Amino acid sequence: MSDLAQEFAARIRTAETPLVIRAGGSKDFYGNPSTGERLDVSGHVGVLAYEPSELVITARAGTKLAEIEAVLAEKGQCLPFEPPRFSPATTLGGMVAAGLSGPRRVSAGSVRDHVLGVKLLDGQGRELSFGGQVMKNVAGFDVSRLLAGSLGTLGVLLEVSLKVMPRPATEASLRFELGQADALKRLAEWQRQPLPIAASCWCDGVLSIRLAGAHKAVEAACRKMGGEAFWADDFWQDLRDQRLPFFGASTLWRLSLPAAAPVIDLAGQWLIEWGGALRWLITEAPAQAVRAQAAALGGHATLFRGPETLKRQVGVFSPLSEPLMRLHQRLKAAFDPKGLFNPGRLYPEL
Amino acid sequence: MNAADFVSSLPIAELATVLSPGSLILEDEELRPYECDGLTAYRQMPRAVALPETEEQVVAILKICHRHGVPVVARGAGTGLSGGATPAPGSLVLSLAKFSRILAIDPEARVARVQPGVRNLAISEAAAPYGLYYAPDPSSQLACTIGGNVAENSGGVHCLKYGLTVHNVLKLRVALCDGTVVEIGSEALDAPGYDVLALMIGSEGMLGIVLEATVRLMPKPVTAQVVMASFDDLVAAGQAVADIIAAGIIPAGLEMMDKPATHAVEAFLQAGYDLNAEAILLAESDGTPEEVDEEIAAICAVMEKAGARQLRVSHSEAERLKFWAGRKAAFPAVGRLSPDYLCMDGTIPRKHLAFVLARIAELSKQYGLACANVFHAGDGNLHPLIMFDANAPGELARALEFGARILELSVEVGGTITGEHGVGIEKIAQMCVQFSRAELETFQAIKTAFDAQGLLNPGKALPTPRRCSEYRLTGSAR
């Protein structure tokens, strides 16, 4: 347990150059290049409050996810959005700042959906609290959720309160040998039915389905859906933390698409999650072609991993419309008027 | 900027040129219905009401108002309970009532694209043929519109399991104060950039005007059953709620009513509630028949162990609806008992429920006003209903004061002044209790980032620093 908020605030107030905020560094690869003096927040740690019957945990932002998940597991609870842990050093603050969710995102919601409250330092070094430790809270603008996925460009996260959930009573996994088009079709059919599908993954001609919920519901779904049962806890964990061989590629695209999007006509290797809504792609195709395909279908494409030169050339994130970018710039200025925090990491303009 | 600072006159002739005949209301008699929303204790006549039919008209109206510095107050069905749609002095009310079309239901993608004036329940009705529905279900869902739901981040009795509006809206098409149209969010999950969607939802009409909403649809659960349990004391009922959650059960709905609420409801429609109980709990399970069987059995076991004096499980859809009817009619039932009532909306950590209800009972004595409590027990959202008679001298002021104390109490125990009804004008003073000066400045900076002139719904949700200093000095709610 260690409270370094005052120390960070002093750094911010006296900063003359931009600050690059870093805790565990497990997502150094993610986002656009950003330079500045390092602000190491990994020492600001500690679980501050956890009440299983309230479904809320509050911890300092430097606390390791592994610690938080262990505390929750003791009481049979979990982070249902399954944030990726790219290394054991992954922290709560990094999880919120990146806003990345894992395999169960499509059934359980995202990081942002589970953020109930935050404490942060703004660009003037002021300590601010928004949201809280209750499920429903509409007092003031929803700043807590705004911070999820902001890649540290709005402030230094100090504390986060999250809604947590019970671990599913039962899980089971099924496998089907299917081509991509057939897999997408089956997924669309299943998702319109009240089946306890928690996660899905299609790769290399195999569709894996993870069921989670009440014992009888999972049993009934297994009977109804068919396929081949397999023991798969490691598989879903490896998918979540991107330890499957597929994720070893040095250039990796992440396409987020409307759930019913068809097979995309781009040559390369695909791994499909979220019932078709998330598609990972390893391809030689030019960035413009990938972005254009995603945009045509109403989605967006992120250069999730890639060489710095390519990132600088095409940007990591799909471009925003001009009026939306202007709004982003004004929001950035509202929180960080001197432009201190992680300049350019989300967009070069921020 | 204060609403009173707007001195410009309304450019009526210019507005008339962009609207269809009959779509600009100027006469007092016709303006009267717009002077308040569901919070009838506050009234203010608008200068005019515009009822546009097209996006182009909304954009044109906003451009005109922006140029002339005219405040604009968006309005859906006017069912809000915090005065979010109460007109500002000299304002133009922008009614979205004519934007009532469901533009598309896509069963494959499980989304609906609707105009802001579409009623909440109409979305589920339109999706029903595909076995789908829209999950958030505020009590006013027959009348309230999706635009208003977005403005308030509305909840409902099923939101512990299925989330609030913010969890169920994927994308918004929004007109900013100067008429610029932006698309926020996307049908694809986790849109790039800041989560402006989260900021927009619950922003009480202060950041932009919703032109279109794309919402997520869910497969309709095959079946649902509800357990009705009565308890001899509130502490045991509160403990039963905690025990259910601790047992790893997330019921589709988990509601509590205290004795005054139960009596009000039973007098109104004889739902078969236990009149001797100090608290009634309703716990619903939905899903496949197998799932529901399992969960209902588990809930009953926990309730029994927690000391329920009576347990009843619905055995038909008719019976389930009957059990719920009382809870859903709680507000009108109280309305029948008392000429007027104020509905409060704090959220508290559930563990403090018994303490908070005891304090409310003390306050009820102190102010000489009866109070019934209905409680979204699963998520800690408490709705005390303060009964009063606005025609009796001093009662309204006492009721408001009583309400203010309840809000402060919610903050004191670590909760919030509003869980789902919004701040509006009703709770604006208590924002000074919940937030520091720097936090309020941040809200103002966000507002300014969207609306530098402060034209959209002025005088709501964000207190001025001066108002806060006065409030902190005097402790007076008004």
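Taken in sequence, the protein lines are chains L and W.
The working numbering applies: residue 1 is where the first sequence begins, and numbers increase by one.
The working numbering applies: residue 1 is where the second sequence begins, and numbers increase by one.
Don't be surprised by glycine CBs; every beta carbon is placed ideally from N, CA and C.
It should be emphasised that the depicted structure is a prediction, and the values quoted were computed from it without experimental measurement.
Note to self: Quick check for students: name the residue ranges of the alpha helix (DSSP H) that lie wholly in the segment 296 to 334 of chain L, counting only runs of 4 or more.
What the structure shows: Within the segment 296 to 334 of chain L, the complete alpha helix (DSSP H) runs of at least 4 residues are 308 to 314.
Item checked: Identity of the residues DSSP links to W/C134 by a beta bridge -> For this step, residue 134 of chain W is matched to residue 134 along the second sequence. Before going on, a small fix: residue 134 of chain W reads as Tyr here, not Cys. Under the DSSP definition of a beta bridge, W/Y134 lacks any partner.
Note to self: Rounded to whole angstroms, what is the Cα-Cα separation between W/L39 and W/F268?
What the structure shows: The residue given as residue 39 of chain W occupies position 39 in the second sequence. The residue given as residue 268 of chain W occupies position 268 in the second sequence. A straight line joining the alpha-carbon of W/L39 with that of W/F268 spans about 22 Å.
Notebook entry, point to check: Would you say the segment 118 to 128 of chain L touches the segment 153 to 164 of chain W, given that touching needs at least three Cβ pairs under 8 Å?
Noted result: Between the segment 118 to 128 of chain L and the segment 153 to 164 of chain W, the count of C-beta pairs closer than 8 Å stays below three; the two stretches do not touch.
Check: Within the 8 Å Cβ cut-off, does L/W274 reach chain W?
Finding: Counting from one through the first sequence, the residue named residue 274 of chain L turns up at place 274. With 8 Å as the cut-off, L/W274 counts as an interface residue toward chain W.
Note to self: Against chain L, does W/L342 count as a neighbour if the rule is that its beta carbon must be under 8 Å from one of theirs?
What the structure shows: Taking the first residue of the second sequence as position 1, residue 342 of chain W is located at position 342. In terms of beta-carbon proximity, W/L342 stays away from the interface with chain L, with every pair separated by 8 Å or more.
Note to self: Since W/D106 and L/A183 should fall inside the 8 Å C-beta cutoff, what is the C-beta to C-beta distance between them, to a whole number of angstroms?
What the structure shows: Taking the first residue of the second sequence as 1, we reach residue 106 of chain W at position 106. Taking the first residue of the first sequence as 1, we reach residue 183 of chain L at position 183. Contact doesn't hold; Cβ gap of about 20 Å is too wide.
Notebook entry, point to check: Leaving out five residues before and five after L/L239 in sequence, what residues of the same chain have Cβ atoms less than 7 Å from its Cβ?
Noted result: Here the question's residue 239 of chain L lines up with position 239 in the first sequence. Sequence-distant Cβ neighbours of L/L239 in its own chain, meaning closer than 7 Å and more than five residues away, are P103, C201.
Item checked: Bridge partner(s) assigned by DSSP for W/H376 -> The count along the second sequence starts at 1 and reaches residue 376 of chain W at position 376. Bridge partners of W/H376: W/N381.
Notebook entry, point to check: Since L/A199 is in the beta strand (DSSP E), which residue starts that stretch and which ends it?
Noted result: Translated into positions along the first sequence, residue 199 of chain L becomes position 199. Boundaries of the beta strand (DSSP E) around L/A199: 197 to 203.
Margin query: For L/D265, would you say it is in contact with chain W, using Cβ-to-Cβ distances shorter than 8 Å as the test?
Written below: Your numbering for residue 265 of chain L matches position 265 in the first sequence. Chain W, which has no Cβ nearer than 8 Å to the Cβ of L/D265, makes this no.
Next item on the list: Anything in chain L within Cβ reach of W/F538, meaning under 7 Å, just list it in chain order.
Entry: Outside the displayed range of chain W (1 to 478) lies residue 538 of chain W, so it cannot be described from this structure.
Item checked: Contacts around W/V166, its chain only, beta-carbon distance under 7 Å, and the 5 residues preceding and following it disregarded -> In the second sequence, residue 166 of chain W corresponds to position 166, counting from 1. The answer, listed in chain order, is N153, A198, I201, G202.
Note to self: Under 8 Å, CB to CB, which of the residues in the segment 137 to 155 of chain W have a partner in chain L?
What the structure shows: Contact residues of the segment 137 to 155 of chain W toward chain L are E152, N153, G155 (C-beta to C-beta distance below 8 Å).
Checklist line | Cβ separation of L/S101 and L/G131, assumed to be a contact under 8 Å, to the nearest whole Å | finding: In the first sequence, the residue the question calls residue 101 of chain L occupies position 101. In the first sequence, the residue the question calls residue 131 of chain L occupies position 131. The Cβ separation is near 19 Å, so there is no contact.
Check: If you draw a straight line from the alpha carbon of W/A109 to that of L/A5, how long is it in whole angstroms?
Finding: Start at 1 with the first residue of the second sequence, and residue 109 of chain W comes out as number 109. Start at 1 with the first residue of the first sequence, and residue 5 of chain L comes out as number 5. Near 45 Å, if we compare the C-alpha coordinates of L/A5 and W/A109.
Checklist line | Interface flag, L/A9 vs chain W, CB-CB below 8 Å | finding: In the first sequence, residue 9 of chain L corresponds to position 9, counting from 1. Proximity of L/A9 to chain W, defined by a Cβ-Cβ separation below 8 Å, is not satisfied.
Next item on the list: Kindly indicate which residue of W/S9, W/V70, W/E14 has the alpha-carbon position closest to the one of W/L455.
Entry: Sequence index remark: in the second sequence, residue 455 of chain W carries index 455 (1-based). Ranking the options by Cα distance to W/L455, first place goes to W/V70.
Next item on the list: Using beta-carbon positions only, say whether W/V265 and W/A330 come within less than 8 Å of one another.
Entry: Here residue 265 of chain W refers to the residue found at position 265 of the second sequence. Here residue 330 of chain W refers to the residue found at position 330 of the second sequence. Taking 8 Å as the Cβ cut-off, W/V265 and W/A330 qualify as a contacting pair.
Checklist line | Three-state secondary structure (DSSP) of L/W270 | finding: In the first sequence, residue 270 of chain L corresponds to position 270, counting from 1. For L/W270, the three-state secondary structure derived from DSSP is strand.
Item checked: Chain-ordered neighbours of L/F317 on chain W, where CB pairs are closer than 8 Å -> Your numbering for residue 317 of chain L matches position 317 in the first sequence. Taking a Cβ-Cβ threshold of 8 Å, the residues of chain W close to L/F317 are P192, G193, in chain order.
Notebook entry, point to check: Any idea which residues DSSP pairs W/P52 with across the strands?
Noted result: As a working note, residue 52 of chain W is residue 52 in the second sequence. Answer is none; W/P52 lacks a bridge partner.
Notebook entry, point to check: What number of angstroms, rounded off, separates the C-alpha of L/P128 from the C-alpha of L/S144?
Noted result: Against the first sequence, residue 128 of chain L aligns to sequence position 128. Against the first sequence, residue 144 of chain L aligns to sequence position 144. Going by the sequence as given, residue 128 of chain L is Leu instead of Pro. Approximately 11 Å between the Cα atoms of the pair.
Notebook entry, point to check: Can the beta-carbon of L/Q133 be found less than 8 Å from the beta-carbon of L/L116?
Noted result: Position 133 of the first sequence holds residue 133 of chain L. Position 116 of the first sequence holds residue 116 of chain L. Cβ distance < 8 Å, so L/Q133 and L/L116 count as in contact.
Check: Closer than 9 Å, Cβ to any Cβ of chain L: which residues of the segment 220 to 231 of chain W, in chain order?
Finding: Against chain L - using a Cβ distance shorter than 9 Å - the residues of the segment 220 to 231 of chain W are K220, P221, V222.
Check: Can you tell me where the alpha helix (DSSP H) with L/L184 in it begins and where it stops?
Finding: Walking along the first sequence from the start, residue 184 of chain L turns up at place 184. From DSSP, the alpha helix (DSSP H) with L/L184 extends over 180 to 191.
Next item on the list: For W/D28, name the three-state secondary structure that DSSP assigns.
Entry: For the purposes of this step, residue 28 of chain W is taken as residue 28 along the second sequence, with counting starting at 1. Helix at W/D28.
Next item on the list: Would you mind telling me which residues of chain L sit closer than 8 Å to W/R350, beta carbon to beta carbon, in chain order?
Entry: Translated into the one-based positions of the second sequence, residue 350 of chain W becomes position 350. For W/R350, the C-beta contacts it makes with chain L under 8 Å involve S53, E54, in order along the chain.
Margin query: Going by the DSSP bridge assignment, what does W/F388 pair with across the sheet?
Written below: Taking the second sequence and counting its residues from 1, the one referred to as residue 388 of chain W is at position 388. BP columns for W/F388 point to W/D340.
Margin query: Just to make sure I have the definition right: I need the residues of chain W whose C-beta is within less than 7 Å of the C-beta of L/S150. Which are they?
Written below: Translated into positions along the first sequence, residue 150 of chain L becomes position 150. Close to L/S150, with beta-carbon spacing below 7 Å, are these residues of chain W in chain order: Y194.
Next item on the list: Output, in chain order, the set of chain W residues within a Cβ distance shorter than 9 Å of L/P323.
Entry: On the first sequence, position 323 is the one that residue 323 of chain L refers to. Here the neighbours are L176, T180, V181, V182.
Next item on the list: Determine, using beta carbons only, whether W/L189 and L/A277 come nearer to each other than 8 Å.
Entry: The residue labelled residue 189 of chain W in the question sits at position 189 within the second sequence. The residue labelled residue 277 of chain L in the question sits at position 277 within the first sequence. When the beta-carbon positions are compared, W/L189 and L/A277 come within less than 8 Å of each other.
Item checked: Strand pairing of W/Y471, partner residues [DSSP] -> To locate residue 471 of chain W, count along the second sequence from 1; it is residue 471. W/Y471 is not bridged to any residue.
Item checked: Cutoff 6 Å; reference W/Y367; Cβ partners in own chain excluding five residues on either side -> Here residue 367 of chain W refers to the residue found at position 367 of the second sequence. Around W/Y367: R398, F402.
Item checked: Listed by chain order, chain C residues near W/A333 by CB distance under 8 Å -> The chain labelled as chain C is not found among the protein chains of the depicted structure, namely L and W.
Check: By Cβ distance, which residues of its chain are closer than 6 Å to L/Q269, with the 5 residues on each side in sequence left out?
Finding: Stepping through the first sequence from its first residue, residue 269 of chain L is reached at position 269. Residues of the same chain with a CB within less than 6 Å of the CB of L/Q269, apart from the 5 flanking positions on each side, are I282 in chain order.
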